[in-house]
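*Asks:* If you use UniProt numbering, the sequence shown corresponds to residues 1 to 93, in order. The beta-carbon is built from N, C-alpha and C at its ideal position, and this holds for glycine as well. This structure is in structure tokens; I'll ask about it shortly.
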Amino acid sequence: MPEVTINHRENAYALLKADADKILRLIEVQIQNLTMPQCPVYEDVLDTQMFGLSREIDFAVRLQLISENEGKALLDNLEKRLNILHEASQTSL
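Written out as structure tokens, the structure is:
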């Protein structure tokens, strides 16, 4: 595989990972400062962000920049981290 292709794949994965991290930070700030996880605004933001990331991942998979397994792992990891954050916010109430 040419080096340029490898760099594109690495860059695509890094960008998707950065977007997942941004979603986590956004939700963390929302929980800490703005709204409770039961709030419809919180749910809308989370749903919209997760949908957008899933579409980005789907696009990268279709371009063969990442594998389906890598994309699924990114989403699964983010969901696990968000669940931990949500549970922590519930226990601190």
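Look at residue 95 and Tyr42 and say whether their C-beta atoms are less than 7 Å apart.
*Replies:* The requested residue 95 does not occur in the structure, where the chain is confined to residues 1 to 93.
*Asks:* Please determine, among Ser67, Arg62 and Asp19, the residue with the shortest C-alpha to C-alpha distance to Thr48.
*Replies:* Thr48 has its Cα closest to that of Asp19, out of Ser67, Arg62 and Asp19.
*Asks:* CA-CA distance, Arg55 and Leu16?
*Replies:* Each residue's Cα considered, the two are about 11 Å apart.
*Asks:* According to the Cβ coordinates, are Arg25 and Leu65 closer than 7 Å?
*Replies:* Against a cut-off of 7 Å, the Cβ pair of Leu65 and Arg25 comes out as no contact.
*Asks:* Starting from Asn83 and walking both ways along the alpha helix (DSSP H), at which residues does that stretch end?
*Replies:* Note, Asn83: alpha helix (DSSP H), Glu68 to Thr91.
*Asks:* With DSSP as the reference, label Leu26 as helix, strand or coil.
*Replies:* In the structure shown, Leu26 sits in a helix (DSSP, three-state: H, G or I).
*Asks:* How would you call Leu63, buried or exposed, if buried means at least 16 neighbouring beta carbons within 10 angstroms?
*Replies:* Burial call: exposed.
*Asks:* Locate the alpha helix (DSSP H) running through Gln49, then write down its first and last residues.
*Replies:* Taken as a continuous stretch (DSSP letters only), the alpha helix (DSSP H) holding Gln49 covers Pro40 to Arg62.
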